[in-house]
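Enquirer:
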Amino acid sequence: MSGDQPADQAARSLAGARCLVLGGSGFLGLNLCNRLAAAGAEVTCFSRSHPQLDVLDRRVARVTGQFADRLTMANAVERQDIVFHLIAGSIPESSNRDPSAELAATPIATLHLLEICRSARIRKLVFSSSGGAIYGVPRAIPITEQAPTDPISAYGISKLMIEKSLHLYRHLHGIDYQILRIANPYGRFQLGTKHQGLIGSYIHRVLSDLPLEVWGTGAVVRDFLHVDDVSDAFLAAVTYQGAHKILNVGSGVGLSVIQIIAELEAAFGRDRLPCVHKPSRAADVPANVLDTALIRSELGWQPRVPLREGLVSTIAWMKAHLAEMRAGSPGPRAIRPD
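Numbering follows UniProt numbering, with no gaps: position 314 of the sequence shown is 314.
(1) Please check the pair ARG35 and ASP81, which I expect to be a contact at CB under 8 Å, by giving their CB distance rounded to whole angstroms.
(2) What are the start and end residues of the alpha helix (DSSP H) that includes ARG205?
(3) Check whether the Cβ atoms of ALA212 and CYS275 lie closer than 8 Å to each other.
(4) Once DSSP output is grouped into helix, strand and coil, what is the label at PHE84?
(5) So, for PRO99: in the same chain, excluding its five sequence neighbours on each side, which residues have a beta-carbon less than 7 Å away from its beta-carbon?
(6) Could you tell me which whole beta strand (DSSP E) segments of length 3 or greater appear in the stretch 10-97?
(7) Does HIS226 pass the burial test, meaning 16 or more other C-beta atoms within 10 Å, or should it be called exposed?
(8) For ALA76 and VAL63, I'd like the C-alpha separation in whole angstroms.
(9) Out of ASP229, VAL312 and THR292, state which residue places its alpha-carbon closest to the alpha-carbon of ARG270.
(10) According to DSSP, which residues form a beta bridge with ASP223?
(11) Quick one: what does DSSP say ALA282 is sitting in, helix, strand or coil?
(12) Closest by CA to residue 375, which one among ARG170, SER90 and ALA147?
(13) Here's the rule I'm using: 16 or more other beta-carbon atoms within 10 Å means buried, otherwise exposed. How should ASP223 be labelled?
(14) Look at the Cβ atom of SER129, then the Cβ atom of ARG181, and state whether they are nearer than 8 Å.
(15) Check PHE234 in the structure and name its three-state DSSP category.
(16) Tell me which same chain residues have a C-beta within less than 6 Å of the C-beta of GLN9, skipping the five on either side of it?
(17) Alpha carbons only, please: which of VAL305, PRO138, GLY310 and PHE67 is nearest the one belonging to residue 342?
(18) Under DSSP, the beta strand (DSSP E) around ILE182 begins and ends at which residues?
(19) Quick one: grab the DSSP three-state call for ALA327.
(20) Do HIS204 and THR193 have their C-beta atoms closer together than 8 Å?
(21) Could you please give the first and the last residue of the uninterrupted alpha helix (DSSP H) stretch that includes residue 397?
(22) Any idea what DSSP makes of ALA334, helix, strand or coil?
(23) Quick one: grab the DSSP three-state call for SER2.
(24) Which word fits LEU278, buried or exposed, when buried means at least 16 other C-beta atoms lie within 10 angstroms of its C-beta?
(25) Using only the alpha-carbon positions, how far apart do ALA323 and ALA120 sit?
(26) What's the call for GLU145, buried or exposed, on a 16-neighbour Cβ count within 10 Å?
(27) Indicate whether VAL206 and LEU264 have their beta-carbon atoms separated by less than 8 Å.
(28) With a threshold of 7 Å (Cβ to nearest heavy atom), would ILE87 be considered close to the ligand ADP?
(29) Can HIS85 and LEU111 be called in contact, C-beta distance under 8 Å?
(30) So what does DSSP say about SER153, is it helix, strand or coil?
(31) Do PHE46 and GLN190 have their C-beta atoms within less than 8 Å of each other?
(32) State the beta-bridge partners of GLU213 as determined by DSSP.
(33) Just confirm the distance between the C-beta atoms of ILE157 and PRO148, as a whole number of angstroms; I'd bet it's less than 8 Å.
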């Protein structure tokens with residue numbers, strides 16, 4: 001294979017393509033919007049609210065609205081080539097507090113979106129699914145795309161409902177799609193204040209002189225990867241024409257919470273970070289590590305950012321972000337998760 005990475009090749013093919021990023025002011029969405037704009041795509045960021053101009057690339061158009069508003073969505077999708085669906089209703093833990101609300105929101109709005117995409121004749125829809133919540137308690141590690149999907153959170157069931165809806169609309173109407181089941185991303189623009197994203201939350205707490213919250217013993221194992229690698233996967237997925245509509249996106253390496261704390265201690269140059277232990281949570285599976293053999297073989301994708309390097313760069317971004325907040329600059333703090 002040449003020195004070019006698949007995402008680099010895909011980026012060149014996206015020049016001039018009209019791309020709509022739903023949930024574009026969230027953590028993944030901001031990074032994806034900026035990456036698409038850098039590739040020369042005509043990007044529209046759709047969100048409930050938007051960050052300041054110095055966070056989102058100035059070339060990105062902004063549309064504010066509610067995902068459930070069909071007229072707003074129809075106007076946003078009109079004349080688009082590619083739609084990236086990054087909107088989620090909540091997070092795994094909180095979704096179980098009101099499962100009916102979770103399952104009545106994003107999946108239904110996504111069905112309306114698919115009708116709109118069918119009428120607008122979009123070229124492709126790329127969906128950001130969950131590489132953790134959708135599988136539930138795994139029967140084997142690492143987890144392949146063919147593993148059983150038995151979510152233990154309404155959030156995971158919501159993601160699975162959307163996946164099945166995409167399959168239905170391809171069968172009925174020929175809508176092309178790609179599902180990326182993403183592990184545990186971290187990196188710039190992850191604020192770490194919403195109990196979503198272990199690494200982002202831990203970095204924020206360290207820089208705020210707060211102890212790290214460890215749910216249970218800290219033996220829970222997860223698969224972590226940098227947001228730049230996730231953006232690579234999004235770009236490569238756009239041009240993929242293979243038969244596999246579901247692809248895992250992860251590092252393929254499992255690390256326990258205790259191991260992540262040790263990595264953060266090294267990245268911060270600290271001997272020990274203070275921790276406070278809390279009871280285990282019902283929505284947490286004991287281990288989740290994704291098998292990435294399929295995406296490597298089909299897309300030629302593989303993670304490029306080493307964990308230590310990613311942690312150091314994320315710490316640097318978070319330090320700058322918190323300094324801006326304390327100085328009274330609006331900056332990235334205007335971001336709301338989608």
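Glycine included, each C-beta is placed from N, C-alpha and C at the ideal position. Keep in mind the model is a prediction, meaning the values are calculated, not measured.
Expert: Taking the structure as given:
(1) Rounded to whole angstroms, the Cβ separation of ARG35 and ASP81 is 16 Å, and the two are not in contact under 8 Å.
(2) For ARG205, the uninterrupted alpha helix (DSSP H) run begins and ends at 198-207, by DSSP.
(3) The residue asked about is misnamed: residue 212 is Leu in this sequence, not Ala. For LEU212 and CYS275, yes; Cβs fall inside 8 Å.
(4) Three-state result, PHE84: strand.
(5) Listed in chain order, the non-local C-beta contacts of PRO99 below 7 Å within the same chain comprise ALA154, local neighbours out to five positions each way being set aside.
(6) Those beta strand (DSSP E) runs which fall completely within the stretch 10-97 and span 3+ residues are 18-22, 42-47, 61-64 and 82-85.
(7) With 16 or more Cβ atoms within 10 Å of its Cβ, HIS226 is classed as buried.
(8) A direct Cα-Cα distance of roughly 7 Å separates ALA76 from VAL63.
(9) Of ASP229, VAL312 and THR292, the residue nearest in Cα terms is VAL312.
(10) DSSP links ASP223 through a beta bridge to GLY254.
(11) Coil.
(12) The chain is shown only over 1 to 338; residue 375 falls outside these bounds and no answer can be derived.
(13) Its Cβ being crowded by 16 or more others within 10 Å, ASP223 is buried.
(14) Taking the C-beta atoms as reference points, ARG181 is found nearer than 8 Å to SER129.
(15) Here PHE234 sits in helix by DSSP.
(16) Once the five neighbours on either side are set aside, GLN9 has no close Cβ partner at all.
(17) Missing from the structure shown is residue 342; the chain here goes from 1 to 338 and no further.
(18) Where ILE182 is concerned, the enclosing beta strand (DSSP E) stretches over 177-182.
(19) Residue state, collapsed to three classes: coil.
(20) The Cβ-Cβ distance between HIS204 and THR193 falls below 8 Å.
(21) Nothing in the structure corresponds to residue 397, since the chain is present only between 1 and 338.
(22) With a pLDDT of 39 at ALA334, under the threshold of 50, the predicted position of this residue should be treated as unreliable, and no value is reported.
(23) With a pLDDT of 44 at SER2, under the threshold of 50, the modelled position of that residue is not reliable, and the figure given next carries that caveat. Collapsing the DSSP output to three states places SER2 in coil.
(24) Here residue 278 is Lys; the residue named in the question, Leu, does not match the sequence. The residue in question, LYS278, is exposed, as its Cβ has fewer than 16 Cβ neighbours within 10 Å.
(25) Going by the C-alpha atoms only, they are around 44 Å apart.
(26) The residue in question, GLU145, is buried, as its Cβ has 16 or more Cβ neighbours within 10 Å.
(27) Yes; because the gap between Cβ atoms is below 8 Å, this pair is in contact.
(28) Of ligands this structure carries none, so the ligand ADP is not represented either.
(29) Taking 8 Å as the Cβ cut-off, HIS85 and LEU111 do not qualify as a contacting pair.
(30) DSSP, reduced to helix, strand and coil, places SER153 outside both helices and strands of the structure shown, so it counts as coil.
(31) Cβ atoms of PHE46 and GLN190: not closer than 8 Å.
(32) According to DSSP, which records beta bridges pairwise, GLU213 is partnered with VAL276.
(33) At roughly 14 Å, the Cβ-Cβ gap does not stay under 8 Å, so ILE157 and PRO148 are not in contact.
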